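Novice: Order-wise, the sequence lines are chains A and B. Per the working numbering, residue 1 is the first one in the first sequence, and the count goes up by one each step. Per the working numbering, residue 221 is the first one in the second sequence, and the count goes up by one each step. Glycine residues also receive a C-beta, built at the ideal position from the N, C-alpha and C atoms. On a predicted model such as this, the values are computed, not experimentally measured, just so you know.
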Amino acid sequence: MFEQYLSLTHYDIFFFLKAIGMTLWITLVSITIGTLIGIVMGLIRCSKNRIVAAIPLIYIEPLRNSPLVTQLFLTYYGLPVVANIVLDAEAAAIITLSLNTGAFFSVLVHSAVKAIPKLQWEAGFALGHNRYSNFRNIIAPQVLRLLIPSAITLYINQLQVSSFVSLISLIDLTKAGHILTLRTMRPFLIYGIVFVLYFAISYPLSKLAQRLEKKVAFNF
Amino acid sequence: MAMIEVRNITKAFGNLVVLKNFSVDFDQSGVTVILGPSGTGKSTLLRCINGLETIDSGDILVDGLSVREKKNLKDIRIKCGMVFQQTILFPHLDVLENLVISPIKILGRPRNEAIEQAKELLNKVGLIDKLHSKHNELSGGEQQRIAIARAMMMNPKALLLDEITSALDPEMSTEVLKIIEKLAQDGVVMLIVTHEIPFARRIASRVLFLEYGSVVSDTSNEEFFTTVKEDNERIARFIQNIHH
Ligand SMILES: Nc1ncnc2c1ncn2[C@@H]1O[C@H](COP(=O)(O)OP(=O)(O)OP(=O)(O)O)[C@@H](O)[C@H]1O
Ligand SMILES: [Mg+2]
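#1: According to DSSP, is S263(B) helix, strand or coil?
#2: Does DSSP put A222(B) in a helix, in a strand, or in coil?
#3: Do E443(B) and ligand 2 come close, with the Cβ less than 7 Å from some heavy atom?
#4: So, does the region 297 to 305 of chain B touch the region 237 to 253 of chain B, judging by three or more C-beta pairs under 8 Å?
#5: Quick one: grab the DSSP three-state call for G360(B).
#6: Helix, strand or coil for M410(B), going by three-state DSSP, please let me know.
#7: Can you confirm whether the region 304 to 317 of chain B touches the region 115 to 125 of chain A when touching is taken to mean that 3 or more C-beta pairs between the two stretches lie within less than 8 Å?
#8: Report yes if the C-beta of L403(B) is less than 7 Å from at least one heavy atom of ligand 1; otherwise report no.
#9: Cβ of V238(B) versus every heavy atom of ligand 1: is any distance shorter than 7 Å?
#10: Apart from the five residues just before and just after S353(B), which ones in its own chain have a Cβ nearer than 7 Å to its Cβ?
#11: If I measure Cβ to Cβ from I209(B) and keep anything under 7 Å in the same chain, skipping five residues before and after, which residues do I get?
#12: Please list the partners that R145(A) has in chain B, where partner means a Cβ-to-Cβ separation under 8 Å.
#13: Got a sec: which bits of the region 317 to 328 of chain B sit with their beta carbon under 7 Å from any beta carbon on chain A, in order along the chain?
#14: Anything in chain A within Cβ reach of K294(B), meaning under 7 Å, just list it in chain order.
#15: Count the C-beta pairs between the region 274 to 288 of chain B and the region 130 to 138 of chain A that are closer than 8 Å, then say yes if the count reaches three, no if not.
#16: Hey, K344(B) and K398(B) are a contact pair by Cβ (cut 8 Å); roughly how many whole angstroms apart?
#17: Assuming the contact rule is C-beta atoms closer than 8 Å, I171(A) and T181(A) should be a hit. Round their C-beta distance to whole Å, please.
#18: May I have the straight-line CA-CA distance separating I168(A) from F16(A), to the nearest angstrom?
#19: So if I threshold CB-CB distances at 7 Å, which residues from the region 241 to 275 of chain B count as touching chain A?
#20: Check the Cβ of P56(A) against every Cβ in chain B and list those closer than 7 Å, keeping chain order.
#21: Does the Cβ-Cβ distance between L341(B) and M372(B) come in under 8 Å?
#22: Could you tell me if the beta carbon of V479(B) falls within a distance shorter than 7 Å of some heavy atom in ligand 2?
#23: Let me make sure I understand the geometry here. Which of K207(A), L63(A), L72(A) has the alpha-carbon closest to that of G38(A)?
#24: Thinking just about the alpha-carbon of each residue, which of F233(B), F310(B), E336(B) is nearest to the one in R145(A)?
#25: Taking Cβ to Cβ, would you say L127(A) is nearer than 8 Å to R297(B)?
#26: State the Cα-Cα distance for the pair K175(A) and R329(B), rounded to the nearest angstrom.
#27: Is any beta-carbon of chain B found at less than 8 Å from that of F135(A)?
#28: Considering F73(A), what are the terminal residues of the alpha helix (DSSP H) in which it resides?
#29: Hey, would you say Q364(B) sits closer than 8 Å to V413(B), going by beta carbons?
#30: From the beta carbon of R227(B), is the nearest beta carbon of chain A less than 8 Å away?
#31: Using the Cβ count rule (16 or more neighbours within 10 Å means buried), how would you classify P376(B)?
#32: Under 7 Å Cβ-Cβ, which residues of chain A neighbour M372(B)?
#33: Do A92(A) and L68(A) have their beta-carbon atoms positioned less than 8 Å apart in this structure?
#34: What are the boundary residues of the beta strand (DSSP E) that I280(B) is part of?
#35: Taking CB distances under 8 Å as the criterion, tell me whether P141(A) reaches chain B.
#36: Give a single yes or no on whether E431(B) has its beta carbon closer than 7 Å to a heavy atom of ligand 1.
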């Protein structure tokens with residue numbers, strides 16, 4: 001009955017589920033890879049050597065300061081032309097979103113490390129820790145706590161901007177909405193469902209981020 | 221051989237020469253109180269001794285180990301525990317973990333042994349009931365007592381204390397100073413920078429008075445508070461001013 005009301009067939013439901021799967025897959029893979037890239041780049045940004053510390057900016061700044069759609073088109077349509085690399089839409093989406101997430105994540109890591117007061121380092125050194133042991137045992141656990149809420153917020157954002165992959169003909173949640181709208185001619189309903197689905201994933205996560213943020217806040 | 225030998229060191233921050241051709245020895249006994257006006261390099265001296273600041277020339281030997289060699293820093297810092305003016309507990313760890321993490325990770329001590337020692341020390345500083353408190357559940361004075369216990373966990377040969385009560389209100393300072401007096405009675409070697417004159421007078425075996433990065437007077441406690449104080453107008457004024 002419910003399905004009739006929506007004029008959706010079983011096939012459409014299945015289509016939607018597959019599309020959610022695609023959205024989640026693209027998002028999860030790219031935030032995982034992006035997090036790894038971000039940790040590495042973020043830590044290089046923290047180097048005491050200024051030149052070394054500046055190197056990741058060559059990667060970070062362009063990606064943070066251009067639209068994701070442009071980055072997607074560049075990878076998907078641009079690369080085959082200049083480098084003769086042909087990527088399928090899924091690979092192009094994952095690569096672009098991973099690099100994009102990595103750029104933002106590096107900044108989170110860098111600023112979380114910077115947010116730890118210098119005195120914390122000194123207290124560790126004064127006890128006999130070397131730089132590595134100090135970072136590993138004293139600084140990193142604090143960095144992690146500062147990082148988690150902002151990481152979740154970034155992940156939610158990446159989930160939402162993953163909707164741009166619909167523009168390179170990947171059938172994610174947004175694209176599925178588009179296709180079903182064309183078929184059913186009920187845009188408000190279909191996009192309503194799409195809306196609710198994004199919201200249903202994002203909202204609990206953002207609440208979680210808020211709660212963690214309160215919980216892990218230190219006043220040094 | 222003195223335990224800490226400061227040999228003709230110079231330390232500058234940019235154009236500001238803080239310590240110039242500075243020499244002093246500290247034996248492995250007693251409590252040395254370091255007095256002097258603000259900005260004369262007292263903190264800088266302590267920080268140079270345990271390698272938190274690098275010296276521009278001269279040398280400092282701790283138990284014969286030069287601070288100029290990077291590989292000695294770990295041993296030097298283990299030998300010279302330091303407590304700072306600001307209370308710096310590790311905020312992600314409770315009191316017990318603050319105490320045991322370094323002996324376990326750096327000295328490779330077994331955890332249960334470290335915990336035993338931590339409990340003894342917390343007893344000594346009167347905070348055994350705070351074993352599992354976090355730093356934000358503790359007063360400034362309590363945090364500072366824990367920082368002292370944490371430094372003692374490394375079984376240092378000497379403690380460097382840099383104005384550890386000056387950020388505390390009087391009541392809390394009293395608690396902390398009591399602990400220091402107790403440690404002094406136990407024979408812990410200490411270099412103490414302080415502005416608490418009555419405390420200095422009670423605890424010091426030796427008093428060092430610094431001004432403009434050099435030693436103006438280096439005497440026993442009695443001598444400092446009688447002869448030196450009477451003979452040196454600036455020192456007399458310094459002590460006068462600090463009382464108010
Ligand atoms: N990291 C630094 N960079 C630049 N100047 C510094 C630094 N640390 C200390 N100084 C300067 O060196 C001088 C000596 O400082 P220091 O902290 O050793 O003095 P102090 O005797 O401990 O004074 P106080 O009684 O105020 O603590 C001061 O003029 C201070 O401003
Ligand atoms: Mg000082």
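Specialist: In this structure, then:
#1: Sequence index remark: in the second sequence, residue 263(B) carries index 43 (1-based). Looking at S263(B) - three-state DSSP - the assignment turns out to be helix.
#2: Translated into the one-based positions of the second sequence, residue 222(B) becomes position 2. Coil at A222(B), not helix or strand.
#3: Here residue 443(B) is taken as the residue at index 223 of the second sequence, counted from 1. No, ligand 2 has no heavy atom inside 7 Å of this Cβ.
#4: no
#5: Counted from its first residue, the second sequence places residue 360(B) at position 140. In the structure shown, G360(B) sits in a helix (DSSP, three-state: H, G or I).
#6: Counting from one through the second sequence, the residue named residue 410(B) turns up at place 190. Residue state, collapsed to three classes: strand.
#7: yes
#8: Numbered from 1 along the second sequence, position 183 holds the residue referred to as residue 403(B). No - ligand 1 has no heavy atom lying nearer than 7 Å to the Cβ of L403(B).
#9: Residue mapping note: residue 238(B) aligns to position 18 of the second sequence, counting from 1. The answer is yes for V238(B).
#10: The residue you call residue 353(B) lines up with position 133 of the second sequence. The answer, listed in chain order, is D314, V315.
#11: Residue 209(B) lies beyond the residue range present for chain B, which begins at 221 and ends at 464; the question has no answer from this structure.
#12: Within the first sequence, the letter at position 145 stands for residue 145(A). Under the 8 Å cutoff, chain B gives H312.
#13: I321, S322, K325, I326
#14: Sequence index remark: in the second sequence, residue 294(B) carries index 74 (1-based). Those are G128, N130, listed as they occur along chain A.
#15: no
#16: The sequence position of residue 344(B) within the second sequence is 124, counting from 1. The sequence position of residue 398(B) within the second sequence is 178, counting from 1. Between K398(B) and K344(B) the Cβ distance is about 11 Å, and since that is not below 8 Å, they are no contact.
#17: In the first sequence, counting from the first residue as 1, residue 171(A) sits at position 171. In the first sequence, counting from the first residue as 1, residue 181(A) sits at position 181. Contact flag wrong, Cβ pair sits at about 13 Å.
#18: Residue mapping note: residue 168(A) aligns to position 168 of the first sequence, counting from 1. Residue mapping note: residue 16(A) aligns to position 16 of the first sequence, counting from 1. Answer to the nearest angstrom: the Cα atoms are 18 Å apart.
#19: N270, L272
#20: In the first sequence, residue 56(A) corresponds to position 56, counting from 1. Correct list: empty, because the minimum Cβ distance to chain B is about 26 Å.
#21: The residue you call residue 341(B) lines up with position 121 of the second sequence. The residue you call residue 372(B) lines up with position 152 of the second sequence. Result yes, Cβ atoms of L341(B) and M372(B) sit closer than 8 Å.
#22: There is no way to answer for residue 479(B), as the model of chain B reaches only from 221 to 464.
#23: Counting from one through the first sequence, the residue named residue 38(A) turns up at place 38. G38(A) has its Cα closest to that of L63(A), out of K207(A), L63(A), L72(A).
#24: By one-based count along the first sequence, residue 145(A) stands at place 145. It is F310(B) whose Cα lies nearest to the Cα of R145(A).
#25: Taking the first residue of the first sequence as 1, we reach residue 127(A) at position 127. Taking the first residue of the second sequence as 1, we reach residue 297(B) at position 77. Yes, these two residues count as a Cβ contact at 8 Å.
#26: Position 175 of the first sequence, counted from the start, is the residue given in the question as residue 175(A). Position 109 of the second sequence, counted from the start, is the residue given in the question as residue 329(B). Distance between the alpha carbons of K175(A) and R329(B) is about 59 Å.
#27: Mapped onto the first sequence, residue 135(A) falls at position 135. F135(A) does not count as touching chain B.
#28: Along the first sequence, read from residue 1 onward, the residue named residue 73(A) stands at position 73. Run containing F73(A): 68 to 73, per the alpha helix (DSSP H) assignment.
#29: Mapped onto the second sequence, residue 364(B) falls at position 144. Mapped onto the second sequence, residue 413(B) falls at position 193. In this structure, V413(B) does not lie closer than 8 Å to Q364(B) by Cβ.
#30: Sequence index remark: in the second sequence, residue 227(B) carries index 7 (1-based). It does not: the Cβ of R227(B) has no partner Cβ on chain A nearer than 8 Å.
#31: For the purposes of this step, residue 376(B) is taken as residue 156 along the second sequence, with counting starting at 1. Buried, since its Cβ has 16 or more Cβ neighbours within 10 Å.
#32: Taking the first residue of the second sequence as position 1, residue 372(B) is located at position 152. Result: empty, since nearest Cβ-Cβ is about 11 Å, beyond 7 Å.
#33: For the purposes of this step, residue 68(A) is taken as residue 68 along the first sequence, with counting starting at 1. For the purposes of this step, residue 92(A) is taken as residue 92 along the first sequence, with counting starting at 1. Against a cut-off of 8 Å, the Cβ pair of A92(A) and L68(A) comes out as no contact.
#34: Position 60 of the second sequence, counted from the first residue, corresponds to residue 280(B). First-last of the beta strand (DSSP E) with I280(B): 277 to 282.
#35: Taking the first sequence and counting its residues from 1, the one referred to as residue 141(A) is at position 141. Yes, P141(A) lies at the interface with chain B (some Cβ there is under 8 Å from its Cβ).
#36: Along the second sequence, read from residue 1 onward, the residue named residue 431(B) stands at position 211. No, the Cβ of E431(B) stays beyond 7 Å of every heavy atom of ligand 1.
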